[in-house]
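Chains as they are written, first to last, in the numbering used here: chain A, 3 to 308; chain F, 217 to 537.
Printed below as a string of structure tokens:
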């Protein structure tokens, strides 16, 4: 187990380093000039470039950036020169995190219930309904789901607020829009796993021992079927994260996704770089935790990993 | 019993050995089972219909996808000029003008734009996925078949690259390359081949361990022949299924990138661009969102269902169910 953890952490660290390098290179390759929109005298411009280290060779800039990164300093925004990237992330991340967590909680709880209900009523109307929800969820992009929810619940029926993020009622629509795909995914996987476990011998054994039906389902079937759902947590976190880009802009939520899309349009190098590194590391670490978690739960994985 | 009523007809050894019905090849059998799956077959027809309409749709009425018309902006059955008519009457009136889906905010014909957008969205989806699959299959195949050091190196690289969130890299590549169909395909290929390489490697490893490959090796058959005759035919079905499932993901990625303003630049259009324009006007003219949303969703749905059907049809283990 120790060896497995060390190997996994090592791969994650290298991934983050590669990510930082790739992002650094790509950001410097971006066309356009971040100072283009301001009317600057050549002197001020030179000063600014010196401040950001643009006058030094790329390799020096790269190592300066790495050095700052290790100390946790992501630099200043270029577009809003008195804003620190760290501060932007610190102010925006709680919104995105809150939204993501709500979406995740909703998606997993409802997804599991849907999957279980569908599997237990296989071939009946209830099953068909659950499968239909799963199909809609996987085939509709989240920005369309968000817009349609806004249209019906916000505009047509006037039940819920359509924008901003100022209380419980504001969080409902964006959480549903963001989590719908995940919900569909979880329910699909759960349904398939449940159906697979029904045919296992230990279920037959349990039944033949005279254990009540409810107990078999709760103690044997669900417990075994729920395990593989953990493996899709990695892709789920990634989907939720990219989902926030559009959901936050549709619902006008001041989270990271909106800042990110905006900074791309402003060519704000330092923000793009900082946020990408933050997002990337977040995902890499999340994936690592999921892998380790799965290794703990299922010994077969860590044995084959060694 | 009268013996004379019976006679010995003799044995026709040739006939006894012959196969009474023409044998079904793997692909013929898969096709037969695919046709039997009504949902998947209907989805296939829908996608073919969309492809045909993407080719001929823009020429079916007299409008072209960029020309604007200030007299007919946001023209649809819900427009103010149809206030006094019933839905059927206004629908008849609208259809008679040739704007079958109405017009957008600057009077461009939506029917033409939807099918021009279909060209872009579908071709990006298919081309990017096919290139991904080819590149991924070659890398994953080499890695899985030869194993050893080559495999170790490739897999370490793939492990690291796989950990990098793919949408974020796609976004950055799009920013560097600028909007456009080619850059979209490049961005999707650069981030997409890794998944198929991992998948193909896993499948090749599984097949490689099986006895018939070992038998072929023992018989002294060359690697090239083993790959061509044994490995590829055995994983082809899975690769094609995987490809079908990846197309909707690519279409979604295009829509997503266009939605955040990085995919296709105006005046070009794709389903993502149309949806973005639709969301902006959703409060007043919801049809401009619902029309592209319908086509994006049904395409993704149909492709997913075809993929599901193909997985069942191409799996030899499910053959006689």
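Idealized CB from N, CA, C, for every residue including glycine.
query: Residues, ordered as in the chain, of the region 129-148 of chain A that lie near chain F by beta-carbon distance below 7 Å; result: 137, 140, 141, 142, 143, 145, 146
query: CB contact check: residue 281 (chain A) to chain F, cutoff 8 Å; result: yes
query: Own chain, CB closer than 7 Å to residue 308 (chain A), minus 5 neighbours either side, in chain order; result: In this prediction, residue 308 (chain A) has a pLDDT of 41, which is less than 50 and means its spatial position is unreliable; nothing more can be read from the coordinates.
query: Residue of F:267, F:243, F:316, F:484 minimising C-alpha distance to residue 507 (chain F); result: F:316
query: Burial state of residue 106 (chain A) (16 or more Cβ within 10 Å); result: buried
query: Residue-level contact to chain A via CB, residue 526 (chain F), 8 Å cutoff; result: no
query: Start-to-end residues for the alpha helix (DSSP H) that takes in residue 475 (chain F); result: 448-475
query: The region 205-220 of chain A touching the region 59-78 of chain A, judged by at least three CB pairs closer than 8 Å; result: no
query: Beta-carbon proximity check, residue 78 (chain A) vs residue 71 (chain A), cutoff 8 Å; result: no
query: Residues bridged to residue 319 (chain F) (per DSSP); result: F:325
query: Chain F contact for residue 264 (chain A) (CB, 8 Å cutoff); result: no
query: Partner residues on chain F for residue 2 (chain A), Cβ-Cβ distance less than 7 Å; result: The requested residue 2 (chain A) is not part of the displayed model; chain A covers only 3 to 308.
query: Helix, strand or coil at residue 82 (chain A) according to DSSP, with G and I counted as helix; result: coil
query: Proximity test, Cβ basis, 8 Å: residue 29 (chain A) and chain F; result: yes
query: Limits of the unbroken alpha helix (DSSP H) element including residue 291 (chain A); result: 271-299
query: Distance, residue 229 (chain A) Cα to residue 299 (chain A) Cα; result: 8 Å
query: Residue 537 (chain F) versus residue 119 (chain A) - alpha carbon distance; result: Because residue 537 (chain F) carries a pLDDT of 48, less than 50, the predicted location of this residue cannot be relied on, and the following value inherits that uncertainty. Computed Cα separation, rounded: 25 Å.
query: Per-residue burial, residue 331 (chain F) [other beta carbons within 10 Å of its own, 16 or more giving buried]; result: buried
query: Exposure of residue 282 (chain A), with buried meaning 16 or more beta-carbon neighbours within 10 Å; result: buried
query: Own chain partners of residue 293 (chain A) with C-beta closer than 7 Å, once the 5 adjacent residues on each side are dropped; result: 10
query: Reduced DSSP category for residue 227 (chain A) - H, G, I as helix; E, B as strand; rest coil; result: helix
query: Span of the alpha helix (DSSP H) around residue 241 (chain A); result: 235-252
query: Interface positions of the region 486-505 of chain F facing chain A (Cβ-Cβ less than 7 Å), listed along the chain; result: 491, 495, 498, 499, 502, 505
query: Candidates A:277, A:271, A:268, A:269: closest to residue 258 (chain A) by CA position; result: A:277
query: Cβ neighbour criterion (16 or more within 10 Å) applied to residue 237 (chain F); result: exposed
query: Residue from F:269, F:377, F:345, F:362 whose Cα sits closest to the Cα of residue 17 (chain A); result: F:377
query: Residue 243 (chain F) classed as buried or exposed, judged by whether at least 16 other C-beta atoms fall within 10 angstroms; result: exposed
query: Exposure of residue 366 (chain F), with buried meaning 16 or more beta-carbon neighbours within 10 Å; result: exposed
query: Neighbour flag for residue 276 (chain F) against chain A, beta carbons, 8 Å; result: no
query: Interface positions of the region 151-166 of chain A facing chain F (Cβ-Cβ less than 8 Å), listed along the chain; result: 152, 153, 157
query: Residue 7 (chain A): first and last residue of the uninterrupted alpha helix (DSSP H) it sits in; result: 4-31
query: Chain-ordered chain F contacts of residue 246 (chain A) [CB-CB under 9 Å]; result: Per Cβ cutoff of 9 Å: no residues; residue 246 (chain A) is ~11 Å from chain F at best.
query: DSSP-derived helix/strand/coil call for residue 260 (chain F); result: helix
query: Beta-carbon gap between residue 513 (chain F) and residue 80 (chain A) smaller than 8 Å; result: no
query: Rounded straight-line distance, which links the Cα of residue 184 (chain A) to that of residue 241 (chain A); result: 8 Å
query: Chain-order list of residues whose beta-carbon lies under 6 Å from that of residue 459 (chain F) (same chain, five-residue window excluded); result: 345, 349
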